[in-house]
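Residue numbers 43 to 119, in our numbering, belong to the letters of the sequence shown in order.
Even glycine gets a Cβ: it sits at the ideal position worked out from N, Cα and C.
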Amino acid sequence: MAELGRHDRAHGTDYFATLRAWLEALGDPAEAGERLGVHENTVRYRLRKMAEITNLPLDDAKKRLAMMIELAATDID
């Protein structure tokens, strides 16, 4: 996930926030879009682009849970 943060900073994208919203919405692009203020198709597009530039296992439930835990751990400051 750090790779997404680096990509966002280098390219002005918003993939990290999109991933967070999508995970918090339990994989629902419509709800993630509402959280981000974008259309659900924008969320789907961003997820496809993330898959192209990273090795994030978005289709693996256990890995998604691990990503959610990692995100929660970064919020504990």
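- Message: Is the beta carbon of D70 closer than 8 angstroms to that of F58?
- Response: By one-based count along the sequence shown, residue 58 stands at place 16. By one-based count along the sequence shown, residue 70 stands at place 28. No; because the gap between Cβ atoms is not below 8 angstroms, this pair is not in contact.
- Query: According to the neighbour-count rule (16 or more other Cβ atoms, all chains shown, within 10 Å of its Cβ), is G54 buried or exposed?
  - Reply: Position 12 of the sequence shown holds residue 54. Taking all protein chains in view, the Cβ of G54 is surrounded by fewer than 16 other Cβ atoms within 10 Å, so the residue is classified as exposed.
- Message: According to DSSP, simplified to helix, strand and coil, what is N83?
- Response: Along the sequence shown, read from residue 1 onward, the residue named residue 83 stands at position 41. Here N83 sits in helix by DSSP.
- For P71, which of helix, strand or coil comes out of DSSP? What you label residue 71 is simply residue 29 of the sequence shown in a count that begins at 1. Correct three-state label for P71: helix.
- How big is the Cα-Cα spacing for E73 and W64? Residue mapping note: residue 73 aligns to position 31 of the sequence shown, counting from 1. Residue mapping note: residue 64 aligns to position 22 of the sequence shown, counting from 1. Going by the C-alpha atoms only, they are around 8 angstroms apart.
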